[in-house]
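Visitor: So that we are looking at the same thing, I have put the structure below in structure tokens.
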Amino acid sequence: MYRDETADPPALVCTVGKTVLGYRLRAIDDLHAMLAEYRDWMPLGSADEQKPAAEGTVEAWGRSSANPVGGWYGLKKGLRGRFGMYMPPLLEALGLAEVEHNPRNNRMRAL
207 MYRDETADPP
217 ALVCTVGKTV
227 LGYRLRAIDD
237 LHAMLAEYRD
247 WMPLGSADEQ
257 KPAAEGTVEA
267 WGRSSANPVG
277 GWYGLKKGLR
287 GRFGMYMPPL
297 LEALGLAEVE
307 HNPRNNRMRA
317 L
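Note that my numbering has the sequence shown beginning at 207, numbered continuously upward.
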């Protein structure tokens, strides 16, 4: 992942194999703020764009009309999902969140 602050809107670019995904750069601060306000563990709930996200998950929040951008943080139609897969490890690496590393049903919380 890397920052592209010259993009419109500024983006986080995530390359997975040959697939390139983009998320709004502000997702880092917005997700951390939401988790800090939530004050508990939240399930990740990763899902492709074409599949519904489980309610109460990081994935659902990353798509919700109630989040600060009013919808998807993902930028590339068809590849806007998987917010709950790629953003949590980034926040963990930045020292902003704690993420579980179990075989399944992982959660995260703000530090």
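Glycine included, each C-beta is placed from N, C-alpha and C at the ideal position. In this text the structure is predicted, and so the values were computed from the model without any measurement.
Please say whether P216 and R232 have beta carbons closer to each other than 9 Å?
Guide: Looking up residue 232 in the sequence shown gives position 26. Looking up residue 216 in the sequence shown gives position 10. Yes, they are a contact pair.
Visitor: Whose C-alpha, out of G276, G301, F289, is nearest the C-alpha of E255?
Guide: Within the sequence shown, numbered from 1, the residue matching residue 255 stands at position 49. The candidate whose alpha carbon is nearest that of E255 is F289.
Visitor: Apart from the five residues on each side of it in sequence, which residues of its chain come closer than 8 Å, Cβ to Cβ, to L300?
Guide: Mapped onto the sequence shown, residue 300 falls at position 94. Hits under 8 Å: I234.
Visitor: If I follow the unbroken beta strand (DSSP E) through E304, where does it start and stop?
Guide: For the purposes of this step, residue 304 is taken as residue 98 along the sequence shown, with counting starting at 1. Where E304 is concerned, the enclosing beta strand (DSSP E) stretches over 303-305.
Visitor: What's the call for R286, buried or exposed, on a 16-neighbour Cβ count within 10 Å?
Guide: As a working mapping, residue 286 is identified with position 80 in the sequence shown. So R286 counts as buried.
Visitor: Below 9 Å between beta carbons: does that hold for L316 and R269?
Guide: Position 110 of the sequence shown, counting from 1, holds the residue named residue 316. Position 63 of the sequence shown, counting from 1, holds the residue named residue 269. Note on identity: in this sequence residue 316 is Ala, with Leu being the wrong assignment. Against a cut-off of 9 Å, the Cβ pair of R269 and A316 comes out as no contact.
Visitor: At 3 residues or longer, and completely inside the stretch 234-271: list those beta strand (DSSP E) runs for me, N to C.
Guide: None, since the stretch 234-271 contains no complete beta strand (DSSP E) of that length.
Visitor: If I follow the unbroken beta strand (DSSP E) through G290, where does it start and stop?
Guide: Here residue 290 refers to the residue found at position 84 of the sequence shown. Run containing G290: none in the beta strand (DSSP E); it sits in the alpha helix (DSSP H), 289-299.
Visitor: Taking the DSSP output, what are the residues bridged to A213?
Guide: Residue numbering aside, residue 213 sits at position 7 when the sequence shown is read from its first letter. None; A213 has no bridge partner.
Visitor: So what's S207 in DSSP terms, helix, strand or just coil?
Guide: Within the sequence shown, numbered from 1, the residue matching residue 207 stands at position 1. For the record, residue 207 in the displayed sequence is Met; it is not Ser. In this structure, M207 counts as coil in the three-state DSSP scheme.
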